[in-house]
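In this note's numbering, the protein residues as written are 168 to 494.
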């Protein structure tokens, strides 16, 4: 998975318009110091399980297990995780489990190509800059709905960025919206991003989950109330809906049948929290779970060649995050 505070490593996409869809590494002023953010591929032992087009990063997949078979009329996929979420509230998300869940439940303006991390369309199908790169006009997909059936429009996107600017007191996402731009939505499918300085921020892409205005507007400007919001079940536009969370035990995500990219191939994902990776591996071997997430290399290697367990070595996208303490 790609986690928060991402360092952006991207490359240009081919286009007939020399100003269309430019992407580059972003350099930012941070407390008087320059911080260059880059994506760094890191070789890890992982297994990728594709769930209706959604990649779950991890270590080992049971090739045959009753838990992934149809249960009644449902297909349930059970994932073992070595740690719990911090919170299902996007404003409190800080760890990998938070973000794995968050970005199955919500969409980004742009997504990442899993092969090379270059930007690909998400809720936006494209963004065009002005000649001075201060104003970007983005086209938002039409016909998208939230998981509760409400229509998703460009105003939801504009609201999200304004909301983050005024409410995200923990600054989890504000670094992806540099220079305090203005946002507007002249119609349901057009987002205007107007920056006081030239920027490539709209297409880096900004690592900000798009939130439903009709759910979050009540917390606008009130960071304390926004962070206290339980957000379960979570209304989103991603392929899955977070429907329950039992702290310390696990959480459940159900397929979003309204998902604009098509309903996932399975009906539910059950994330089960384990106190140790060793216990999680035993659960995988005994068929209690279908997938063991984020195993260390030693345990991963011990599973190679085990009956009914598949392992795949791959490259995980990771990053270095540098912060400066000025006293």
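Note that the Cβ used here is the ideal one computed from N, Cα and C, for glycine as well. Quantities reported herein were computed from a predicted structural model and do not represent experimental measurements.
How would you call residue 362, buried or exposed, if buried means at least 16 neighbouring beta carbons within 10 angstroms?
Residue 362 should be labelled buried.
Considering residue 278, what are the terminal residues of the beta strand (DSSP E) in which it resides?
Per DSSP, residue 278 belongs to the beta strand (DSSP E) from 277 to 279.
Sufficient close CB pairs (3 or more, under 8 Å) joining the segment 388 to 404 to the segment 266 to 276
Segments in contact, yes.
Kindly indicate which residue of 341, 464, 493 and 451 has the alpha-carbon position closest to the one of residue 476.
Ranking the options by Cα distance to residue 476, first place goes to 451.
Going by DSSP in three states, residue 448 sits in which element: helix, strand or coil?
Residue 448 falls in the helix class under three-state DSSP.
Closest to residue 257 by CA distance: which of 407, 396, 465 and 466 is it?
The candidate whose alpha carbon is nearest that of residue 257 is 396.
Alpha-carbon spacing of residue 281 relative to residue 493, whole angstroms:
Roughly 37 Å separates the two Cα atoms.
Rounded C-alpha distance that separates residue 249 from residue 433:
Rounded to the nearest angstrom, the two C-alpha atoms are 23 Å apart.
Under 8 Å between C-beta atoms of residue 312 and residue 319
It is a contact, given that the beta carbons lie within the stated cut-off.
Over the uninterrupted beta strand (DSSP E) stretch that includes residue 464, give me the two end residues.
Per DSSP, residue 464 lies in no beta strand (DSSP E); the unbroken alpha helix (DSSP H) holding it starts and ends at 464 to 470.
Given a cut-off of 8 Å on the beta-carbon distance, is the pair residue 374 and residue 255 in contact?
No, the pair does not count as a contact, with Cβ atoms beyond the cut-off.
The segment 351 to 361 touching the segment 378 to 387, judged by at least three CB pairs closer than 8 Å
These segments do not touch.
Measure the C-alpha to C-alpha separation of residue 348 and residue 242 and round it to an integer number of angstroms.
Here the alpha carbons of residue 242 and residue 348 stand approximately 44 Å from one another.
Please list the terminal residues of the continuous alpha helix (DSSP H) segment that includes residue 271.
Per DSSP, residue 271 is one residue of the alpha helix (DSSP H) stretching across 263 to 272.
The segment 467 to 476 contacting the segment 258 to 265, beta-carbon criterion three pairs below 8 Å:
By the C-beta criterion, the segment 467 to 476 is judged not to be in contact with the segment 258 to 265, since fewer than 3 inter-stretch pairs fall below 8 Å.
Alpha carbon to alpha carbon, how far is residue 424 from residue 398? Give it in angstroms, no decimals.
Each residue's Cα considered, the two are about 20 Å apart.
Which ranges does the alpha helix (DSSP H) cover as unbroken runs of at least 4 residues, wholly within the segment 386 to 426, from first to last along the chain?
Taking only runs of at least 4 residues, the alpha helix (DSSP H) segments lying wholly in the segment 386 to 426 are 390 to 395.
Between which two residues does the alpha helix (DSSP H) carrying residue 479 extend?
Counting along the chain, residue 479 falls outside any alpha helix (DSSP H), and DSSP gives it neither H nor E.
Based on Cα-Cα distance, which residue from 345, 340 and 394 lies nearest to residue 377?
Of 345, 340 and 394, the residue nearest in Cα terms is 340.
Please report the residue range of the alpha helix (DSSP H) in which residue 374 lies.
Note, residue 374: premise wrong, no alpha helix (DSSP H); not H, not E.
For residue 351, name the three-state secondary structure that DSSP assigns.
Here residue 351 sits in strand by DSSP.
Under 8 Å between the Cβ atoms of residue 247 and residue 420?
No, the pair does not count as a contact, with Cβ atoms beyond the cut-off.
Looking at C-alpha atoms only, which residue of 308, 426 and 465 is the closest neighbour of residue 293?
The residue with the shortest Cα to Cα distance from residue 293 is 308.
State the Cα-Cα distance for the pair residue 422 and residue 393, rounded to the nearest angstrom.
Whole-angstrom Cα-Cα distance: 26 Å.
Looking only at its own chain, which residues have a Cβ that is under 7 Å from the Cβ of residue 325, when we skip the five neighbours before and after it?
The beta carbon of residue 325 sits closer than 7 Å to the beta carbons of 350, 351, 352 and 358 from its chain, once the five residues preceding and following it are set aside; these are given in chain order.
Under the DSSP definition of a beta bridge, which residues are partnered with residue 458?
In the DSSP output, where bridge partners are listed per residue, residue 458 has 228 and 246.
Which of helix, strand or coil DSSP assigns to residue 382
Reduced to three states, the DSSP call for residue 382 is helix.
According to DSSP, simplified to helix, strand and coil, what is residue 363?
Secondary structure of residue 363 (DSSP, three-state): coil.
For residue 324, three-class secondary structure by DSSP:
Reduced to three states, the DSSP call for residue 324 is helix.
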